[in-house]
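Report on the following structure.
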Amino acid sequence: MRDDQDRSVLRIANGGTSRGCNGMSLQLFDLSGRIALITGAGQGIGYALAQGLGGAGAHIVINGRDATRLEAAAERLRGEGLTVATALFDVTDQKAVVAGIEAVERDVGPLDILVNNAGIQRRTPLEDYPVETWHELMRANLDSVFYVSQAVARHMIPRKRGKIINIASLQSEAARYSIAPYTASKGAVKNLTRGMCTDWARHGLQINAIGPGYFDTPLNAALVANPDFDAWLKTRTPAGRWGKVEELQGAAIFLASNASNFVNGQILYVDGGVLATL
Numbered sequence: 004m005r006d007d008q009d010r011s012v013l014r015i016a017n018g019g020t021s022r023g024c025n026g027m028s029l030q031l032f033d034l035s036g037r038i039a040l041i042t043g044a045g046q047g048i049g050y051a052l053a054q055g056l057g058g059a060g061a062h063i064v065i066n067g068r069d070a071t072r073l074e075a076a077a078e079r080l081r082g083e084g085l086t087v088a089t090a091l092f093d094v095t096d097q098k099a100v101v102a103g104i105e106a107v108e109r110d111v112g113p114l115d116i117l118v119n120n121a122g123i124q125r126r127t128p129l130e131d132y133p134v135e136t137w138h139e140l141m142r143a144n145l146d147s148v149f150y151v152s153q154a155v156a157r158h159m160i161p162r163k164r165g166k167i168i169n170i171a172s173l174q175s176e177a178a179r180y181s182i183a184p185y186t187a188s189k190g191a192v193k194n195l196t197r198g199m200c201t202d203w204a205r206h207g208l209q210i211n212a213i214g215p216g217y218f219d220t221p222l223n224a225a226l227v228a229n230p231d232f233d234a235w236l237k238t239r240t241p242a243g244r245w246g247k248v249e250e251l252q253g254a255a256i257f258l259a260s261n262a263s264n265f266v267n268g269q270i271l272y273v274d275g276g277v278l279a280t281l
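In the numbering used here, the protein residues as written are 4 to 281.
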């Protein structure tokens, strides 16, 4: 039975029909000819989203601060047959962001899709949280979303089109011990997404967010390695497991494609059911 289902999917992908679907349905998700910038894409979720958008046909531009890691990621993606460029700039430096976006628009082409993925985590009890660490985290998780989105939107608005996808979090809605500043930053990203929609939807832009639950990523390495947390998570999550980064690709493709042209200001949680359950 599974083989038959797989063959049906292949027939659809090749332009055939199956179970009432047709080629036009899949064309809604086709990103061919579009240019997508993903920040913080050298590893983890950003890298997986670059894979997904590239697999749907987009020309990928991956951003990061580490030139060696970024080029290694680009080579791996090219090895998968994807069209990839790199954009080396610091998303927490507003002047560097403006210059970086200008360079992408000039050297690669007009951006159709932006994914604001760059971010950090710093776990410390709130009463001991250093002020300088607070500012570091806010620059990476919140200021960067404003800087990059503003710079990109200034190009998208005259073109009357564009997709911006912010990476929010399960912690946009719920807190856990020792990550209060992270929770604050991701709650702000959620509402910044809504604010961007309010300002920019009139110009033909769609701005939405993805809220990942607990995924096995470098950012969560300490939690993945903690047997107590691992056991708690598998009990707390209705799906009973950690998310796999590739399971975020479908949400990103949807929000980057014509299938979401009337979806705006929304946060799509991909969390295995955590927020649905007490």
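Note that the Cβ used here is the ideal one computed from N, Cα and C, for glycine as well.
Three-state secondary structure (DSSP) of residue i
i      : result
Ile63  : strand
Gln46  : coil
Lys166 : strand
Gly198 : helix
Gly82  : helix
Gly57  : helix
6 Å CB neighbourhood of residue i in its chain, flanking five on each side removed
i      : result
Tyr202 : Note that residue 202 is Asp in the sequence shown, not Tyr. Answer for Asp202: no residue qualifies.
Leu271 : Ile213 and Ala254
Ala99  : Phe92 and Asp93
Proximity below 7 Å, CB of residue i to CB of residue j
i      : j      : result
Asn169 : Val192 : yes
Pro215 : Val266 : no
Val94  : Ser147 : yes
Thr196 : Ala212 : yes
Lys221 : Gln54  : Note that residue 221 corresponds to Pro in the displayed sequence, not to Lys. For Pro221 and Gln54, no; Cβs fall outside 7 Å.
Ile116 : Lys163 : no
Val248 : Ile48  : yes
Residue i classed as buried or exposed, judged by whether at least 16 other C-beta atoms fall within 10 angstroms
i      : result
Val87  : buried
Lys189 : buried
His138 : exposed
Val107 : buried
Ser175 : buried
Gly23  : The pLDDT assigned to Gly23 is 47, lower than 50, so where the model puts this residue is not dependable, and the model offers no usable value.
Val151 : buried
DSSP bridge partner residues for residue i (one or two, in chain order)
i      : result
Ala88  : Val64
Tyr331 : Since the first residue of the chain shown is 4 and the last is 281, residue 331 is not available in this structure.
Asn119 : Asn169
Cβ neighbours of residue i in the same chain (closer than 7 Å, five flanking residues each side left out)
i      : result
Asp233 : Val227
Asn282 : Since the first residue of the chain shown is 4 and the last is 281, residue 282 is not available in this structure.
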